[in-house]
Amino acid sequence: MIQRKKEHWFKMLFVWQGSVLPQLLPRLLVLFVLSCGIVYANGTLYRYKIPLSPAPFTIFGVAMALFLGFRNNASYDRFWEGRKLWGALLNDTRSLARQSFTLTNYELTSAEVRHFTQLLIAFTYSLRHQLRKTDPSFDLQRLLPSPLFESLKAGLYKPVLLMREMGLWTKEARKNGQFDAIGQAAMDGNLNKLSDIVGGCERIASTPIPYTYQVLLHRTVYLYCFLLPFGLVDSLDWLTPFVTVFVGYTFVAFEAIADELEEPFGTEPNDLPLNAISRMIEITLLETIGLPTPEPVKADPEHYTLD
Amino acid sequence: MIQRKKEHWFKMLFVWQGSVLPQLLPRLLVLFVLSCGIVYANGTLYRYKIPLSPAPFTIFGVAMALFLGFRNNASYDRFWEGRKLWGALLNDTRSLARQSFTLTNYELTSAEVRHFTQLLIAFTYSLRHQLRKTDPSFDLQRLLPSPLFESLKAGLYKPVLLMREMGLWTKEARKNGQFDAIGQAAMDGNLNKLSDIVGGCERIASTPIPYTYQVLLHRTVYLYCFLLPFGLVDSLDWLTPFVTVFVGYTFVAFEAIADELEEPFGTEPNDLPLNAISRMIEITLLETIGLPTPEPVKADPEHYTLD
Amino acid sequence: MIQRKKEHWFKMLFVWQGSVLPQLLPRLLVLFVLSCGIVYANGTLYRYKIPLSPAPFTIFGVAMALFLGFRNNASYDRFWEGRKLWGALLNDTRSLARQSFTLTNYELTSAEVRHFTQLLIAFTYSLRHQLRKTDPSFDLQRLLPSPLFESLKAGLYKPVLLMREMGLWTKEARKNGQFDAIGQAAMDGNLNKLSDIVGGCERIASTPIPYTYQVLLHRTVYLYCFLLPFGLVDSLDWLTPFVTVFVGYTFVAFEAIADELEEPFGTEPNDLPLNAISRMIEITLLETIGLPTPEPVKADPEHYTLD
Amino acid sequence: MIQRKKEHWFKMLFVWQGSVLPQLLPRLLVLFVLSCGIVYANGTLYRYKIPLSPAPFTIFGVAMALFLGFRNNASYDRFWEGRKLWGALLNDTRSLARQSFTLTNYELTSAEVRHFTQLLIAFTYSLRHQLRKTDPSFDLQRLLPSPLFESLKAGLYKPVLLMREMGLWTKEARKNGQFDAIGQAAMDGNLNKLSDIVGGCERIASTPIPYTYQVLLHRTVYLYCFLLPFGLVDSLDWLTPFVTVFVGYTFVAFEAIADELEEPFGTEPNDLPLNAISRMIEITLLETIGLPTPEPVKADPEHYTLD
Amino acid sequence: MIQRKKEHWFKMLFVWQGSVLPQLLPRLLVLFVLSCGIVYANGTLYRYKIPLSPAPFTIFGVAMALFLGFRNNASYDRFWEGRKLWGALLNDTRSLARQSFTLTNYELTSAEVRHFTQLLIAFTYSLRHQLRKTDPSFDLQRLLPSPLFESLKAGLYKPVLLMREMGLWTKEARKNGQFDAIGQAAMDGNLNKLSDIVGGCERIASTPIPYTYQVLLHRTVYLYCFLLPFGLVDSLDWLTPFVTVFVGYTFVAFEAIADELEEPFGTEPNDLPLNAISRMIEITLLETIGLPTPEPVKADPEHYTLD
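Protein chains in written order, with my numbering: chain W, 7 to 313; chain Y, 7 to 313; chain G, 7 to 313; chain C, 7 to 313; chain B, 7 to 313.
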């Protein structure tokens, strides 16, 4: 599943694709030009020397390290929790598909098992569409029987309504004597887990890191970078713009990555490859009940986390 | 669900709304005026030069970074745990609503299912009111049958009493042969989870971060800020007030945010949007059992975490 | 439940009650006097100048920040885990009380349900007494029937013996046909959770943070503080004692708080308010089965975490 | 199970085997030669003095410590989570093997129990082969009956298909009256856990730490190391190359270890000893059902984590 | 259970017993002598002045703090996880003992319940012996009936075989009509937890922190300490050996503690008191079924964590 091959340590220094560098270039250019101006003016502003020594930068440095570290950990935790939720989705849908024919009297190849598996796949796609605010109609139409598709059209929380359908499927199966209460309860336990997954994804999507944190950190990072040339000009002279841009790059890039990871369900380069994961769930579920499987999603050069 | 649109990196530097800046302005003004006085007096106090070199500030810096980092992590963990508990509330009430008609013989549209769902919604609202110490009468009256509402009026722990009602509902349903023991046990398991959620919220609300921590940190931060001008005046001269206020802003703001997040169930700008979440639970539960749904809560410009 | 009202930021700087300052005063006085002596002697010891520059302090500072941070996190985790365990105790006893009349055929107001609830309350009090090594006789006598109270008197692990009684209660109820196996298993699951809570509390109470850590940290902090004046005297002169005491206060206080929180079940000011929590459990359980409830524990000005 | 004997503290300083030093030697040599050139040229580049003072290095240092610490924690967490998943695999397969003869009417030594145990062992090996992308044919052929082996050959997710077989085994056993629904549900619960383990391993294997992080960190570390001689040459003179290489070694090695641990299922020296663990699972499962056990995997001098 | 009484803050500075100081004395002596030599030679090596300024030490310091902090957290986590596992063992054996007479029809004092409890105690002791690679014969012989003891003698994984016996006990009980399927499943769930505990302990015991980490950290710490005198000699002169030894002590001791805690199941002073815990489990289980209890293990002055 892993596409990324280990880069040679030397070549990795000059990677362009897949770094945040392209996106940050304009800001770094502004920083470079500004630094050049400050060197030219010898660190004066309207003929008044700005006497910034390294001392304030050490103090700022402590604050910034603190803020950046916190922000980055919080963002990465969100990213990784999102990934765990989608991993749990894979596990639970596999378990439910297996239970649909081992805990009931249905045959592996029966229409009922197939319908239940389609519900699981439709559930997966509709969750992805809800998180990305895209239209699920295409996927739901190809996976669900027409009447059900129609009745879902106006639904606000489609994945929840599909879970209701699965619950009703278990009720129906028990009525038909395919099931006993124990087996139904076992499947119901996994439906509860699906409910936790839906809610967990909604929680991450709807509750960003408090906005004040973002503003405060953003200000600290950029002011630090734009004041840096005043602090370096006396000792570094014409090297100032280069050092400023390099130091600035590391801090600004760190903040930019944290910003991207914070919302793991989006479609930016480092977000979760929900397309590939949902297709993979479709493949493994269909294989489990012995049906032909579609092709996996092609590795997207813009997404590095999973092909 | 996400209202906040990505701000341009440059415009974000000058955001006013949603930062803690307005609230901190008076303190920063005091700091500014004080710094100006110290510059004017050349860092002397009663004609006696205060020879503060940067060395003590580095030492303080280590202590403060340590304290601020700890306080901030502890506060954010409380905020995020509170959010997780309300997320779990969403998941569990959805699961219970589903179980009320898939594990029993009740129809989706029966009066019993509807009553149970109303109990769940009333439970949600009464938990919010308990955490915010507001009066739940309005919400309980519109959701519950009159006799039940009356009997709850004097209750100390209303959410717990509503859980008791749900437990009695399952007992009643089993007596009426709508249920077997297995199904009742499955719903009972989810009632246990509700109990964990209530207790978890009460725990966060009733046990703040130990007060001595807050006092110690508060003192360290403010003394650091008010001593800073003495340390900077010799090298920065008339720039001292500006640098002091900027450095002070980052530290004081960081502490202020931690202070706000620490009690996530309040009504300050960065607290959890319990109004919107409880309304959302009402909507999704009613949709699950096929009833008309009310409007979601309008995005409150004072709350940034969820509309 | 929250008593503490938000202090004004300025008044909080001068709080006395509830900080660890009173307890640390003697040590800080020693430090102050010592510093004065060193300033008077110009940093010499037996006429030999102690040439401590700030460099060693920076090195020490890194070590100390590392140690203090670790110790503090470990202690706070223990405090918070202890709180979580007592929160879980609240949740589980509520769940068990509810189950005693919803999963059985017993009426809410029957003598059996009342007896079971008294067992739960007695369990709570006896756990508190075991953790604090106090005598549980008073509470057990008022809550339990005489024969049971007598038979428990010599018990080593009274909470465990009370759990046994609860288990036997479920066995009895099943024998009497008030219960089926499913219901008994559901209650048994919650008894398992009670067992986890007892064991978790015993674990925290019996396994302190390894003693070598405490010794090493203690030495580092105090040696740092007592050497500090030698490092500051040359640049700060008569300001040395004040700066030393202030810096020393922050470090010593941080260690003292960690030391207090480490054993959360004690009776020091920042320990968990087990009295108030166990009374609260008594109140909510009695309310659940419709009995009159006692008064809550009055807010103890020496305890800040819960009234 | 632990092979590594405690090294004497002095001898440990000169360990060669098992450190990442051999692998890093070429890079450190490049760094050494470069440093020598810079010392020879007195820190000038094309006759232009590069005036790098320690100040920028302190600033870089903060950034790098932040990045390295984050990367290292994230990698170690992945390593340890991978280890936990394989530990859970050991626990669950043991539990399932035990259940196959205690919850059913099958004898310990019956053919059915033996077949189920072989399924568990085959599951373990096929998971290892899937994670390492190696060919499972040899192991599956020796463990499974021919028809089953043939039917699995073309499977995409072989461990999942083997879980399906285990599910069908429980269905079969219940049909044959060896089992009741309760027992089947209990085993089904452990199959759910196996599903979680498979998914957890796939998640770690398919989702590396976001690539941008790696690039950013890699650049920061190497640029830091290659600029270091310019900063040290003035004060250290001919010692510069030695100090540079030693400092460089610690940072570069730290990054290299993080890089190795990040993918714990590979075959590099510090990766998880999946061969030894899967053999150990085979041994303990066979012993549980009273069959002769194979030899454990010999300690591989290239793997230090488990023999 | 807590033996350690709070030490006075002043006396604690001079504690000898229970610190790692005795063990580190030889290394610190080497360091002291070396420092003296360097002071005598004025920081020259073969008449060539080693111009180490504090700058490289600051850079090293960052690296070392990073490494030591990581190593220490990882080690303490292992220690605490080991403690949690043995705490869970206490909880689960208590729960199983209770279930053996509340979920079955057996009397509290019956031979079957007694036999099962002996199995639980034997399980506990055999796990301890396996983790410490000691001979379990003495304990198993006194606890188990002869035939069972003989059949276990050649077993590789004795705790697992004892779990098998417990599973067979439940099967037997059900055959004899003492049990229904539900009760057996409930006990089986706790046997699963025992399986998780065994596997968790084996995981910690068999997978040390990757060896490369240890080597890298060890080298960094000791090289730092042995280079320190060169950096301090110019400013501290004859104070150098004392400061070096004190700074060295803190770092070396921190590494030594981490090294001890890393393998929590050993018999070093800070390792877990498995003897006392297993005896405590024996006592509480025997008390639960009303049998006379042995004496607890005497507090071992070499072990500080639990008597």
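Just so it is clear, CB atoms sit at the ideal spot from N, CA and C, and this is done for glycine as well.
Alpha-carbon to alpha-carbon, residue j and residue i
i: Thr-311/C; j: Gly-195/C; result: Because the pLDDT of Thr-311/C is 41, which lies under 50, any placement of that residue in the model is unreliable, and the number read from its coordinates should be weighed accordingly. In a straight line, the C-alpha of Thr-311/C is about 31 Å away from that of Gly-195/C.
i: Leu-40/G; j: Gly-237/G; result: 13 Å
i: Leu-330/G; j: Asp-202/W; result: Chain G is shown only over 7 to 313; residue 330/G falls outside these bounds and no answer can be derived.
i: Arg-84/B; j: Ala-211/B; result: 10 Å
i: Ala-160/W; j: Gln-147/W; result: 14 Å
i: Gly-272/B; j: Thr-115/W; result: 55 Å
i: Pro-275/C; j: Val-221/B; result: 14 Å
i: Ser-157/Y; j: Leu-154/G; result: 35 Å
i: Pro-165/C; j: Leu-133/C; result: 6 Å
i: Gly-206/G; j: Ala-94/B; result: 8 Å
i: Gln-29/Y; j: Thr-256/C; result: 46 Å
i: Ala-179/B; j: Glu-118/W; result: 39 Å
i: Leu-167/W; j: Thr-176/W; result: 15 Å
i: Gln-184/W; j: Lys-90/C; result: 37 Å
i: Pro-307/G; j: Pro-279/G; result: The pLDDT assigned to Pro-307/G is 45, lower than 50, so where the model puts this residue is not dependable; a value taken from the coordinates is nonetheless given after this. Their backbone Cα atoms lie some 11 Å apart in a straight line.
i: Leu-162/C; j: Thr-294/W; result: 10 Å
i: Arg-10/W; j: Thr-108/C; result: For Arg-10/W, the predicted model reports a pLDDT of 47, less than 50, meaning its position is unreliable and no value from the coordinates is stated.
i: Asn-97/C; j: Asn-198/B; result: 8 Å
Residue i - containing alpha helix (DSSP H), residue span
i: Ala-160/Y; result: First-last for Ala-160/Y: undefined, no H or E at that position.
i: Pro-235/W; result: 217 to 242
i: Ser-132/G; result: 117 to 138
i: Phe-38/Y; result: 27 to 46
i: Ile-188/C; result: 187 to 212
i: Phe-144/W; result: 143 to 149
i: Thr-281/W; result: The question names Thr, yet the displayed sequence has Asn at residue 281/W. Here the alpha helix (DSSP H) through Asn-281/W covers 280 to 294.
i: Phe-16/G; result: Segment: none, Phe-16/G is in no alpha helix (DSSP H) and carries neither H nor E.
Best match in the options for proximity to residue i [C-alpha to C-alpha]
i: Pro-302/G; options: Ala-47/G, Ile-295/G and Ile-287/G; result: Ile-287/G
i: Trp-15/C; options: Glu-261/B, Gly-296/B and Pro-300/B; result: Glu-261/B
i: Arg-170/G; options: Leu-229/G, Leu-126/G, Glu-113/G and Ala-103/G; result: Leu-126/G
i: Pro-270/B; options: Asp-240/B, Ile-215/B and Ala-47/B; result: Ile-215/B
i: Glu-208/G; options: Glu-87/G, Leu-223/G, Asp-243/G and Ile-44/G; result: Glu-87/G
i: Leu-245/Y; options: Trp-92/Y, Ile-44/Y and Pro-28/Y; result: Ile-44/Y
Where residue i meets chain Y, residues with beta-carbon distance less than 7 Å
i: Lys-177/W; result: Thr-108
Under 7 Å from the C-beta of residue i: neighbouring residues of chain G
i: Ala-259/B; result: Leu-222
7 Å Cβ cut-off: residues of chain C touching residue i
i: Tyr-163/B; result: Thr-290 and Glu-293
Neighbour list for residue i in chain Y, Cβ cutoff strictly below 8 Å
i: Tyr-219/W; result: Ile-263
Chain-ordered neighbours of residue i on chain D, where CB pairs are closer than 9 Å
i: Thr-299/B; result: No chain D appears in the structure shown, which is made up of the protein chains W, Y, G, C and B.
Contact list for residue i against chain B, beta-carbon separation under 7 Å
i: Ser-201/G; result: Asn-97, Arg-100 and Ser-101
i: Tyr-112/G; result: Near Tyr-112/G there are no residues of chain B at all, since even the closest Cβ is about 17 Å away, more than 7 Å.
Amino acids of chain W, ordered along the chain, whose beta-carbon sits closer than 8 Å to that of residue i
i: Ala-211/Y; result: Result: empty, since nearest Cβ-Cβ is about 19 Å, beyond 8 Å.
Interface partners of residue i on chain C, CB under 9 Å
i: Ile-188/B; result: Ile-188
Partners in chain B for residue i, counting only beta-carbon separations shorter than 8 Å
i: Phe-89/C; result: Reading the sequence as shown, one finds Arg at residue 89/C and not Phe. The contacting residues are Arg-209 and Thr-213.
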